[in-house]
Amino acid sequence: MSATSNAAAHRVRHPRHAATGRLRLVESLHEVVASIGAGLDLDTVLTKICASAADLLDADLGVFLRLDGAYWRPVVVGGAPDANWGAQVALEDDWVTQLVRDNSDWCAFPVDNVSPVMIDIVRTALPGAGSAMAVAARTSATTHGALAVVFGDSKRTPEPAEIDVLMLLAQHAGIALSNADSSAEMIRDRKHQHVIIDATTDGLAVLDGAGRVLQWNSAAERLTGRSSEEAAGKPPPFPISEPGQVLDHRLPTGRWVEILSSRVPDSDDVVVEFRDVSQAKELERARDVLLSTTAHELRTPVTAIRGFSSTLLQRWDDLSDAGRRAAVEVVADRSTALASLVDKVVLGVTVSGEEPELVTEPVDLATTLGEILSAFPQPADGRRLVFDVSQPCRRARCDRRALPEVVNELLENAVKFSPDGGDVAIRVWDDGTQVGFSVRDQGIGIADDDLPHVFDLFYQGGTGDRRRFGGLGLGLYIVRQLVRAQHGAVTALRPADGGTEVTVRLPYWETPPVIN
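Count along the sequence shown from 1, then add 653; that gives the number in the numbering used here.
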């Protein structure tokens, strides 16, 4: 049996009662179209269209074939979707495929071996299928698929009114698919946009023309402490910079943010990007403190050296041998202090740039610390350095060159911050997992607010009495960096009875590390 298409539609003859049948179809069609609401999902719409097509044309089966690239995808068959028929069917040289390729509107054809796509689809649902009619579902120049009805009668031919009904239903199916595709693309774009925005480590906000938040990403929540729900519809918690200009602002939480805004073309919306610059601000502040403190610390020895050198030059002959010697001793002493200060600055810069390269070896802490203590200047005013080695300890893994730097810095701090005297106790210990030593003084202690920061670079204490003793804020930072480089740890605490206790933990020597 040959196929019939829209090219030959004008030759079809109809009986006199065709007008009555056409009127019934039109009335039923209006009811169907009215029932397809805009709020229905795509599967529901296609199901209604297929069921209505089969009902209005008195067919045995309604099928919608969605065009998916080089395949047909039967999404709806009969009155409900069937999961078994969700597989792809390759486009072949059949009537339905020709309908799409030839840009025709409809075709009627026998369901036999000349239409393999229909045979595959309806075989299980209607084994005795005889003929079918298919109408292309299009919107503008896009073909979305085909709406088909299948009849058991192999001689069934469509009437013009039936063709019109099926074409109108196919048009609604095309519109539904077009809307679904547009909606899906919009959702994908929005999801993609949200993923990109949320993946950005910088805070990102979109504001409307009135400066109210429209979008607020995850980084913005983290930086400001405001959730997207809290931020929506309100101004951001910071001023907005002029487009293209950078503005630094400190949030109420104390965090510094750098703000940059730009306008969205052809819109009143503004995109605001802001990032955390607290660390940079802190380094900037610390750098200023270092420069100021270093200048102050250098001024004392330099002034003494210059003053006594000038005295020696101008009054050499007037001074006694004892006077000359005293002046030279001051110059030598201040020169040593100056060199020590410069060395500390250089060491601090070195360990802050990268982890220092140390060579670890087995070290007996009791013996080595004893040697370091014997070389350390004894405090004045009768204060003592008390060394406790009562506990037997295993050897530590550490660097012999770095250990004196660590110990001397801790001892200097202990003496420096004990202006009213008191002993400084050094205790070597072994707790079964690590070996180490503690340095404890009876001085002014460390304020609770300062304890978490005492090992930070350039930190000199924001509260308490420690600031009046001066310094560069490098000593304890150097200690931490050197101890970490030896795979150890250092902590500070304020004992209940006052003073400060700093503890250095080091790994056991045990066996040398394996180097691959």
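Even glycine gets a Cβ: it sits at the ideal position worked out from N, Cα and C.
For residue 803, which of 1012, 1139, 821, 705 has the nearest alpha-carbon?
Restricting attention to 1012, 1139, 821, 705, the CA atom closest to the CA of residue 803 is found in 705.
How big is the Cα-Cα spacing for residue 989 and residue 909?
For residue 989 and residue 909, the distance between alpha carbons rounds to 41 Å.
Rounded C-alpha distance that separates residue 747 from residue 796:
Each residue's alpha carbon lies about 17 Å from the other.
Looking at residue 860: is its Cβ nearer than 8 Å to the Cβ of residue 867?
It is a contact, given that the beta carbons lie within the stated cut-off.
Checking 8 Å against the spacing of the C-beta atoms, do residue 925 and residue 1018 come in under that value?
The criterion of a C-beta distance shorter than 8 Å is not satisfied by residue 925 and residue 1018.
With H, G and I counted as helix, E and B as strand and the rest as coil, what does DSSP make of residue 1140?
Under the three-state reduction of DSSP output, residue 1140 falls in the coil class, being neither helix nor strand.
Pick helix, strand or coil for residue 703, following the three-state DSSP scheme.
Correct three-state label for residue 703: helix.
In three-state terms, what does DSSP make of residue 912?
Looking at residue 912 - three-state DSSP - the assignment turns out to be strand.
Residue interval of the alpha helix (DSSP H) (run including residue 751):
From DSSP, the alpha helix (DSSP H) with residue 751 extends over 748 to 754.
Give every residue of the same chain whose Cβ lies closer than 6 Å to the Cβ of residue 732, excluding the five residues on either side of it in the sequence, and list them in chain order.
Reliability fails at residue 732, whose pLDDT of 49 lies under 50, so the model's placement of it is uncertain and the value that follows must be treated cautiously. Sequence-distant partners of residue 732 (beyond 5 residues in either direction) whose C-beta falls short of 6 Å from its own C-beta, in its chain, are 704.
Tell me which same chain residues have a C-beta within less than 6 Å of the C-beta of residue 736, skipping the five on either side of it?
Any reading at residue 736 needs caution, since the residue's pLDDT is 49, under 50, leaving its predicted position unreliable; the model's value is listed next. Excluding positions up to five away in sequence, the list is empty.
Can you tell me the Cα-Cα spacing of residue 938 and residue 944, whole angstroms?
So the alpha carbons of these two residues sit roughly 10 Å apart.
Could you give the first and the last residue of the continuous beta strand (DSSP E) run that contains residue 1079?
In the DSSP assignment, residue 1079 falls within the unbroken beta strand (DSSP E) covering 1077 to 1083.
First through last residue of the alpha helix (DSSP H) which encompasses residue 1027:
It spans 1018 to 1028 - the alpha helix (DSSP H) in which residue 1027 sits, taken as one unbroken run.
In whole angstroms, give me the CA-to-CA distance for residue 808 and residue 835.
Going from the Cα of residue 808 to the Cα of residue 835 covers about 40 Å.
Mind checking which residues open and close the beta strand (DSSP E) that includes residue 1155?
Annotation: the continuous beta strand (DSSP E) that includes residue 1155 extends over 1153 to 1159.
Ends of the beta strand (DSSP E) at residue 763?
For residue 763, the enclosing beta strand (DSSP E) stretches over residues 759 to 763.
Using a 10 Å radius around the Cβ and a threshold of 16 neighbouring Cβ atoms, would you call residue 776 buried or exposed?
Burial call: exposed.
Would you check if the segment 989 to 999 and the segment 1027 to 1040 touch, i.e. whether three or more CB-CB distances between them fall below 8 Å?
At 8 Å Cβ cutoff, the stretches do not touch.
Alpha-carbon spacing of residue 1104 relative to residue 907, whole angstroms:
C-alpha separation (whole angstroms): 19 Å.
C-alpha distance - residue 824 paired with residue 921, whole-angstrom precision
Their Cα atoms are separated by approximately 38 Å.
Could you check whether residue 757 and residue 801 sit closer than 8 Å to each other, using their CB atoms as the reference points?
Contact flag unset, no.
Would you list, in sequence order, the uninterrupted alpha helix (DSSP H) runs of no fewer than 4 residues that lie entirely inside the segment 772 to 827?
None, since the segment 772 to 827 contains no complete alpha helix (DSSP H) of that length.
Among 1053, 997, 1048, which one has its Cα closest to the Cα of residue 1012?
Nearest C-alpha to residue 1012 among 1053, 997, 1048: 1053.
CA-to-CA distance, residue 1067 to residue 1136, given in whole angstroms
Computed Cα separation, rounded: 18 Å.
Since residue 1034 contacts residue 1074 with CB under 8 Å, what's their CB separation in whole angstroms?
Residue 1034 to residue 1074, Cβ: 5 Å. Contact.
The alpha helix (DSSP H) that contains residue 723, what's its start and end?
Premise fails: residue 723 is in no alpha helix (DSSP H) and is neither H nor E.
Where residue 1057 sits in the DSSP three-state scheme
For residue 1057, the secondary structure class from DSSP, reduced to helix, strand or coil, is helix.
Please confirm whether residue 957 and residue 923 have their CB atoms less than 8 Å apart.
At a Cβ-Cβ threshold of 8 Å, residue 957 and residue 923 do not count as neighbours.
For the beta strand (DSSP E) holding residue 1091, just list the boundary residues, first then last.
Unbroken beta strand (DSSP E) run through residue 1091: 1088 to 1094.
Does the contact criterion of 3 or more C-beta pairs under 8 Å hold for the segment 1144 to 1162 versus the segment 1083 to 1094?
The answer is yes - the segment 1083 to 1094 touches the segment 1144 to 1162, with three or more Cβ pairs under 8 Å.
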